[in-house]
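First residue of the sequence shown: 1, per full-length UniProt numbering; consecutive thereafter. Beta carbons are placed, not taken as given, at the ideal position from N, Cα and C, and that holds for glycine. Every value quoted in this text rests on a predicted model; they were computed, and no experiment measured them.
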Amino acid sequence: MNKKNGWMVSGLWGFMIILIFLGAIVLHMHAKQNSDDHESRSKDSSLYNLDKMQTAAQKRAASSTSGEQAQSSASLNGEGVTMIGDSVTVGIEPYLKEQLPKMTVDGKVGRQMSQAVKVINELAAQGKLGDQVIIELGTNGPFSKNQLHDVLQSLSGAKQVILVTTRVPKGWQNTVNDTIAQVADEFSNVNVVDWYSASVGKDEYFYKDGVHLKPDGSRYYTSLLVAALQKS
Numbered sequence: 001m002n003k004k005n006g007w008m009v010s011g012l013w014g015f016m017i018i019l020i021f022l023g024a025i026v027l028h029m030h031a032k033q034n035s036d037d038h039e040s041r042s043k044d045s046s047l048y049n050l051d052k053m054q055t056a057a058q059k060r061a062a063s064s065t066s067g068e069q070a071q072s073s074a075s076l077n078g079e080g081v082t083m084i085g086d087s088v089t090v091g092i093e094p095y096l097k098e099q100l101p102k103m104t105v106d107g108k109v110g111r112q113m114s115q116a117v118k119v120i121n122e123l124a125a126q127g128k129l130g131d132q133v134i135i136e137l138g139t140n141g142p143f144s145k146n147q148l149h150d151v152l153q154s155l156s157g158a159k160q161v162i163l164v165t166t167r168v169p170k171g172w173q174n175t176v177n178d179t180i181a182q183v184a185d186e187f188s189n190v191n192v193v194d195w196y197s198a199s200v201g202k203d204e205y206f207y208k209d210g211v212h213l214k215p216d217g218s219r220y221y222t223s224l225l226v227a228a229l230q231k232s
């Protein structure tokens, strides 16, 4: 092989080495691009899934808030609320209906706790017994623990039962209030509105009999009941 041919062979080998080197670079860049594309797609997918999760969470939160607002609204307008009582209930009914226009109020002069279960059954049969029930009885006489227990047992399916203590200048006042306090603790769905304690020192709220309420007293009484309903 002469000198000229040797240079040609060497040049050819050099050119081939350069081509191989360039090919390796191209392959490396292509592989990196594929890797970057895959990573980008993975990130996009992760962001998409995260967005879907956040959207779903927002919808659940909105649904929950809507449900809570609906429940709160029901309490505020009186829908699903029933009150059973005696002449005190009769006297405050107009003020109750101002605050809770859709509630059911069943008050009767002279009513006793011994009549409550019958009234409850009648209201249930008429579709007027709500899942929040207020019992205001004791003005006209005492009742036994068993009688009150029977009343509360008949309301065991209610979401909330509110018992109201009494203020009446009669010998049975303390007996009624003690019975309410003792029996109420036996039922998880029962709360007590202590009207007796809340009305201490507020003689101006009462008529001369010390039982029935003037307009300001009726509004105050109503405000206590509304507050108790909203705590359910």
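Classification of residue i by the beta-carbon crowding that lies within 10 angstroms, buried from 16 upward
{"i": "G138", "result": "buried"}
{"i": "A116", "result": "buried"}
{"i": "residue 270", "result": "Look at the range of the chain in this structure, 1 to 232, and you will see that residue 270 is not part of it."}
{"i": "S199", "result": "buried"}
{"i": "E98", "result": "exposed"}
{"i": "S40", "result": "At S40 the pLDDT is 46, less than 50, meaning the model places this residue with poor confidence; the figure from the coordinates comes in the next sentence. That one is exposed."}
For residue j and residue i, the rounded distance between their alpha carbons
{"i": "L213", "j": "S156", "result": "31 Å"}
{"i": "F143", "j": "V133", "result": "19 Å"}
{"i": "Y220", "j": "L96", "result": "10 Å"}
{"i": "V183", "j": "G217", "result": "27 Å"}
{"i": "V119", "j": "G127", "result": "12 Å"}
{"i": "T166", "j": "A181", "result": "12 Å"}
{"i": "E186", "j": "K145", "result": "11 Å"}
{"i": "residue 301", "j": "Q230", "result": "Any property of residue 301 remains undetermined from this structure, which presents the chain solely from 1 to 232."}
{"i": "G201", "j": "Q112", "result": "27 Å"}
{"i": "H149", "j": "D178", "result": "14 Å"}
{"i": "L129", "j": "Q147", "result": "20 Å"}
{"i": "A228", "j": "S197", "result": "15 Å"}
{"i": "L123", "j": "Q153", "result": "16 Å"}
{"i": "V151", "j": "D203", "result": "31 Å"}
{"i": "K208", "j": "G80", "result": "34 Å"}
{"i": "residue 284", "j": "N174", "result": "No statement about residue 284 is possible, as the shown extent of the chain runs from 1 to 232 and does not include it."}
{"i": "V168", "j": "P215", "result": "18 Å"}
{"i": "V170", "j": "A125", "result": "According to the sequence displayed, residue 170 carries Lys and not Val. If I take the Cα positions, the gap works out to 35 Å."}
{"i": "D131", "j": "L76", "result": "14 Å"}
Test item: CB-CB of residue i and residue j under 8 Å
{"i": "D86", "j": "V109", "result": "yes"}
{"i": "T82", "j": "M103", "result": "yes"}
{"i": "K159", "j": "S114", "result": "no"}
{"i": "W172", "j": "G141", "result": "yes"}
{"i": "P94", "j": "G78", "result": "no"}
{"i": "I84", "j": "T222", "result": "no"}
Nearest-angstrom beta carbon gap, residue j and residue i [assumed within contact, 8 Å]
{"i": "V161", "j": "N189", "result": "6 Å"}
{"i": "V164", "j": "W195", "result": "5 Å"}
{"i": "L225", "j": "V192", "result": "Their Cβ separation, rounded to whole angstroms, is 12 Å, which puts L225 and V192 out of contact at 8 Å."}
Short CB-CB distance (under 8 Å) between residue i and chain C
{"i": "L224", "result": "Going by chain labels, chain C is absent from the structure shown, which holds only one protein chain."}
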